[in-house]
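Comments concern the structure below.
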Amino acid sequence: MSIWSCPVCGGDMERRERSLVCSKGHMFDYARSGYVNLLPVNRKRTKDPGDNALMVQARRSFLNAGYYKPLCDRLCGVLVPLSPAQGVLLDAGCGEGYYTKNAAEALAQSGKQMEVYGVDIAKCAVDAAARSCKSAGFAVGSVFHLPVKDESCDVLMSLFAPYCGGEFQRVLKPEGKMVLVIPGEMHLMGLKQAIYDKPYANEVQDYALEGFRFLGAERVEAEIFLENSEDIRSLFSMTPYYYKTGREEHRRLEELEELRTQISFEILQYEKEV
Ligand SMILES: [Zn+2]
18 MSIWSCPVCG GDMERRERSL VCSKGHMFDY ARSGYVNLLP VNRKRTKDPG
68 DNALMVQARR SFLNAGYYKP LCDRLCGVLV PLSPAQGVLL DAGCGEGYYT
118 KNAAEALAQS GKQMEVYGVD IAKCAVDAAA RSCKSAGFAV GSVFHLPVKD
168 ESCDVLMSLF APYCGGEFQR VLKPEGKMVL VIPGEMHLMG LKQAIYDKPY
218 ANEVQDYALE GFRFLGAERV EAEIFLENSE DIRSLFSMTP YYYKTGREEH
268 RRLEELEELR TQISFEILQY EKEV
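When you read off a place in the sequence shown, starting at 1, and then add 17, the result is the number in this note's numbering.
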């Protein structure tokens, strides 16, 4: 059994060799790397939605270099006690699976029997996730229409991904837990100072979310030192500023050979209100 539901009709699905099939006959194939594509063609707004292959590669090399390890370690430290002895963890918007993989390993090491799944809209990211993490199940799908059964998840995590409260509520079991990671106020201030005339802090969000009870927040703060321009560019391509930065700022970015910057995150924990 898995948590996947038919993205067309919402029905349960059964595995038949290299495919998942629902009772109405909608069929979805597994890719060679092991993920299943559950994004119906009519939900795609572009041919290849989500991050492109270059961005996925940049993020992978940046994350694998360990720059965000302080966050990853703390995230695992939050997920393990929050998870039941046996159950399901879903990473909604899993990207190339860096956190999914580390969470799956930390849960297994703790002795918890958690099935781990990841969903992302970017096929190339999900393909990379499926290749790097064989212990989790991955699907291409939208977080706004998760191809996941109602009340099938004990824990849902969402890192820097679109928040979709209604869907997250739907797939979580009663009293299921939700972990969100958002950038802290001073996240990447060093990077912003290096390229913008007027760097500004991130907006602080209100923790309250409809349908969820707030359990607590943890702050992760660290300073990282990037010693080559490739890592700096990789980091920049992971940020929302990538899309809204002018030519002059891009020129400054290209000239940076090293960078010291603060990283800052908040790990927010919630419980589904019944
Ligand atoms: Zn179906």
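We treat Cβ as the ideally placed atom computed from N, Cα and C, and that holds for glycine.
Quick caveat: nothing in here was measured; it's all calculated off a predicted structure.
DSSP lists no bridge partner for M255. Look at H162: its beta carbon is at least 7 angstroms from all of the heavy atoms in ligand 1.
In this structure, L176 lies away from Y134, with their beta-carbon atoms at least 8 angstroms apart.
Per DSSP, P57 is not a residue of any beta strand (DSSP E), being assigned neither H nor E. With a 10 Å radius around the Cβ and a threshold of 16 neighbouring Cβ atoms, L270 comes out buried.
DSSP places S281 inside the beta strand (DSSP E), whose first and last residues are L276 to K289. Nearest C-alpha to K140 among S246, V58 and K289: V58.
Positions of the beta strand (DSSP E) runs, each at least 3 residues long and wholly inside the segment 129-207, are given as 130-137, 153-157, 170-176 and 189-200 in order along the chain. Here the alpha carbon of Q286 sits roughly 15 angstroms from the alpha carbon of P101. The beta carbon of A239 is closer than 7 angstroms to those of P87 and I280 in its chain, skipping five residues each way along the sequence. In the pairwise beta carbon analysis, the segment 116-130 is classified as touching the segment 147-160: at least three pairs are separated by under 8 angstroms. The chain-ordered list of residues whose CB is nearer than 6 angstroms to some heavy atom of ligand 1 reads C23, V25, C26, G28, C39, K41 and H43. With respect to the C-alpha of E34, the residue from E168, R49 and L205 having the closest C-alpha is R49.
Of the candidates A234, D46, P164 and A147, the residue whose Cα lies closest to the Cα of A121 is A147.
Within the model, the alpha-carbon separation for D137 versus E244 is close to 31 angstroms. Taking a contact as a CB-CB distance under 8 angstroms, the pair S254 and A82 does not count as one, their CB atoms being some 14 angstroms apart. Secondary structure at Q103: strand, using DSSP grouped into helix, strand and coil. Contact check for P24 and P164: beta-carbon distance about 4 angstroms, within the 8 angstroms limit, so the pair qualifies.
Less than 8 angstroms separates the beta-carbon of L96 from that of V172.
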